[in-house]
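Report on the following structure.
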Amino acid sequence: MSPRPPVLPADLPSGLFIGGTWRDGARGTIAVDNPATGETIAHVADGGVDDGLAALEAAAAAASAWARTPPRERAEILRRAFDLVTTRADDLATVMTLEMGKPLAQAQGEVTYGAEFLRWFSEQAAHISGSYRPSPEGSLRQLVVRRPVGPCLLITPWNFPLAMATRKVAPALASGCTVVLRPASLTPLTSLLFVKILTDAGVPDGVVNVITSSRHDVTDAIIADPRLRKLSFTGSTAVGQQLLRQAADNVLKCSMELGGNAPLLVFEDADLDVAVEGAMVAKLRNMGEACTAANRFIVHADVADAFAAGLAERFSNQRLGDGLDAGVDVGPLITETASDGVHALVTRAVADGARVVTGGEPLEGPGWFYPPTVLTGVSHDAEILSEEIFGPVAPITTFTTEAEAIELANDTPIGLAGYVFTRDLDRILRLSESLEVGMIGANTGLISNAAAPFGGVKHSGLGREGGDHGLDEFTEEVYVALPDPHHPAVSSRN
Ligand SMILES: NC(=O)c1ccc[n+]([C@@H]2O[C@H](COP(=O)([O-])OP(=O)(O)OC[C@H]3O[C@@H](n4cnc5c(N)ncnc54)[C@H](O)[C@@H]3O)[C@@H](O)[C@H]2O)c1
Ligand SMILES: O=CCCC(=O)O
């Protein structure tokens, strides 16, 4: 283990966690870098295929006892985990800011958001139910019970290192499933600390296992193994499509939380202050590195100039810097490649006729800082409207009728989130039926909440996380057919 800057918690693990034991990885270590400085802040174990299969073995061995653990006991462990995550909010937020870059206040916000999945699913764990009813023609009684699907592989992205893990681990454990968690190799530290907290909360050995790895052969082997029964993935659409193909061979139950390209519609009757405020959150939360980030600003021509001016003024007042520094609003992007990718999209948009109102040039290093940027005059067919920008850039294009706005919003294979700003409630209801997305913010830029069903349509994924049906993703129904107890052949036996 390498020495760490004192700011990292002393009990932050650096190994793989398999069957209740922290271990080294078969491939040495992975360096974890701080995107604000470019410096390496820690090393963690680099797991190999054998490590991954050992983790699955541990999850399979623990599956039956965990499935039979009384729901109330599972609920209480999750509730203790919620309390411990909340108690250790400062540690988790600091680790997250160091490895991912988001400003400390936003990291604190993610701890609150991520912890809520533990509380929400602790409340749900004791309420898993089935059904019993006569068949329509009366010859049967139909008993339907829910049981845990079995060992799960959970693959999470780097952009919300805690919340994306709690959003999967909490419902899996509440349902009685055991898991192998594979966090993004760019941001493994938060997940490792979270799993340490789970063990402190009393999660038994083998129920949660973690594999950090620089390579994907580890998960390839797990996905192909018949002991695995469920794959839950959050990440890009391209990787999700590839994993679905792999999962097909093993006929795995799959949840896919994939990429976004959210339209943000501002109508002529919108309260523009509310729209600008909503756009700030929908665009700049997490530096624009959110699947829910507003990606296409589709604004009525009558209010487009005023909206662009209001947004540009707010954007230009944002303070960029190291997320650990007080007063910083916008942190660095995750890597140099990410920053270069955002700038290339902006450069090509400008070459195609867009105008930079504010921002538009990356900052000199160290760190991968891209300024909040507003582009106007973006044409309907511009490349930047068809790509997930994943950075703090707001391209504005215009419309004149509601039908045109809907057509523009739906002109993408992606369908995760959308935002609408209007004072007309009927319009909001019409849009809720016509926008091809899984989630809509109406006069708000923040939709994420543990009690809501999070997920997308079209190429944005399959299934929902959180909400009333989050446990369905980790359980399966078993139907038991029983003969009619009043039938003479049955009643004569009694
Ligand atoms: N819908 C959601 O809830 C949601 C949430 C967060 C991020 N996202 C999406 O994730 C993307 C950004 O995250 P990212 O860059 O980490 O995505 P990514 O798809 O590159 O990686 C996601 C995770 O999968 C792993 N991975 C990549 N290729 C893999 C493979 N072949 N086999 C197994 N694992 C593999 C990565 O290491 C990472 O842990 C964006 O598209 C964003 O919209 C979606
Ligand atoms: O990046 C996507 C997840 C964002 C969220 O859960 O709010």
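Residue numbers (full-length UniProt numbering): 1 to 494. Glycine included, every Cβ here is placed at the ideal spot set by N, Cα and C. Keep in mind the model is a prediction, meaning the values are calculated, not measured.
beta-carbon F117 near ligand 2 non-hydrogen atom, thresh 6 Å: For F117, the Cβ stays outside the 6 Å cut-off from all heavy atoms of ligand 2.
Where the beta strand (DSSP E) through K230 begins and ends: K230 -> beta strand (DSSP E) spans 230-234.
Residue environment, Y132, which counts as buried when at least 16 other CB atoms sit within 10 Å: Classification for Y132: exposed.
Backbone CA spacing between R4 and A42 [nearest angstrom]: Only weak support exists for where R4 lies, its pLDDT of 47 falling under 50; the coordinates are left without a value.
Counted within 10 angstroms of its Cβ, other Cβ atoms place M1 as buried (16 or more) or exposed: No answer about M1 holds up, because its pLDDT of 40 lies below 50 and its placement is not dependable.
Beta strand (DSSP E) runs wholly inside the region 61-133, at least 3 long, in chain order: If we require 3 residues or more, the region 61-133 turns out to have no beta strand (DSSP E) run fully inside it.
Touching by the beta-carbon criterion (3+ pairs, under 8 Å), the region 458-467 and the region 247-266: In this structure the region 458-467 lies against the region 247-266, because at least three pairs of beta carbons, one per stretch, are closer than 8 Å.
Y479 burial status per 10 Å Cβ neighbour count (16 or more: buried): It is exposed - the Cβ of Y479 has fewer than 16 other Cβ atoms within 10 Å.
Rounded straight-line distance, which links the Cα of T112 to that of F369: A straight-line Cα-Cα distance of about 26 Å links F369 and T112.
Expected contact under 8 Å - CB spacing of T290 and L264 to nearest Å: Correcting the residue identity first, residue 290 is Ala in this sequence and not Thr. No, A290 and L264 are not in contact; Cβ-Cβ is about 13 Å, not under 8 Å.
Heavy atom of ligand 1 within 6 Å of S448 beta-carbon: A distance criterion of 6 Å places the beta-carbon of S448 beyond contact range of ligand 1, judged by its closest non-hydrogen atom.
Residue span of the beta strand (DSSP E) that contains D424, given as start and end: In this chain, D424 is not harboured by any beta strand (DSSP E), its DSSP state being neither H nor E.
T97 CB to nearest heavy atom of ligand 1 below 6 Å: No; taking the cut-off as 6 Å, the Cβ of T97 has no heavy atom of ligand 1 nearer than that.
From D426, R314, Q124, residue whose alpha carbon lies closest to that of D273: For D273, the nearest C-alpha among the options comes from R314.
Alpha-carbon spacing of E477 relative to D411, whole angstroms: Cα to Cα, E477 sits roughly 37 Å from D411.
Three-state secondary structure assigned by DSSP to R319: Judged by DSSP in its simplified three-state form, R319 adopts coil rather than helix or strand.
Neighbour flag for S135 against chain C, beta carbons, 7 Å: Within the model displayed, chain C is absent; a lone protein chain is all it includes.
Helix, strand or coil at P171 [DSSP, three-state]: Correct three-state label for P171: helix.
Pick from R79, R23, A403, L12 that is closest to D46, judged by C-alpha positions: For D46, the closest C-alpha among the options R79, R23, A403, L12 is that of R23.
Distance between A89 and T29 (C-alpha atoms, nearest Å): For T29 and A89, the gap between their C-alpha atoms comes out near 27 Å.
Pair within 7 Å by beta-carbon distance, E268 and D302: A contact, by the Cβ cut-off of 7 Å.
M1 - DSSP class collapsed to helix/strand/coil: Reliability fails at M1, whose pLDDT of 40 lies under 50, so the model's placement of it is uncertain and no value is given.
D381 versus L16 - alpha carbon distance: Rounded to the nearest angstrom, the two C-alpha atoms are 46 Å apart.
C-beta atoms of I197 and L84 nearer than 7 Å: Yes, Cβ-Cβ distance for I197 and L84 is below 7 Å.
N-terminal and C-terminal residue of the alpha helix (DSSP H) that I447 is part of: Per DSSP, I447 is not a residue of any alpha helix (DSSP H), being assigned neither H nor E.
Collapsed DSSP secondary structure at P395 in the structure displayed: Residue state, collapsed to three classes: strand.
Nearest-angstrom Cα separation, counted from G445 out to L284: Between L284 and G445, the C-alpha separation is close to 10 Å.
Distance cut-off 6 Å: E383 Cβ against heavy atoms of ligand 1: Not one heavy atom of ligand 1 falls within 6 Å of the beta-carbon of E383.
Closest Cα partner of F117 within the set E99, I155, A172: For F117, the closest alpha carbon among the candidates E99, I155, A172 is that of A172.
Segments of 4+ residues assigned as alpha helix (DSSP H) that fall wholly inside the region 210-263: For the region 210-263, whole alpha helix (DSSP H) runs of length 4 or above, ordered along the chain, are 217-224, 237-249.
Residue environment, N317, which counts as buried when at least 16 other CB atoms sit within 10 Å: Exposed, by the Cβ-count rule.
Spatially closest choice to F390 from G109, S236, S379, A36, by CA coordinates: Cα-wise, what sits closest to F390 is S236.
Cβ distance (whole Å) where V207 is taken to contact W66 below 8 Å: A Cβ-Cβ separation of about 5 Å places V207 in contact with W66 under the 8 Å criterion.
Minimum C-alpha distance to G441 - residue among P226, T21, I428: Checking every option, the nearest Cα to that of G441 belongs to I428.
Near ligand 1: residue 506 beta-carbon under 6 Å from a heavy atom: This structure leaves residue 506 out entirely; the chain is present only between 1 and 494.
Cβ-based burial, N449 [other Cβ within 10 Å; buried from 16]: Classification of N449: exposed, given that the 10 Å Cβ count is below 16.
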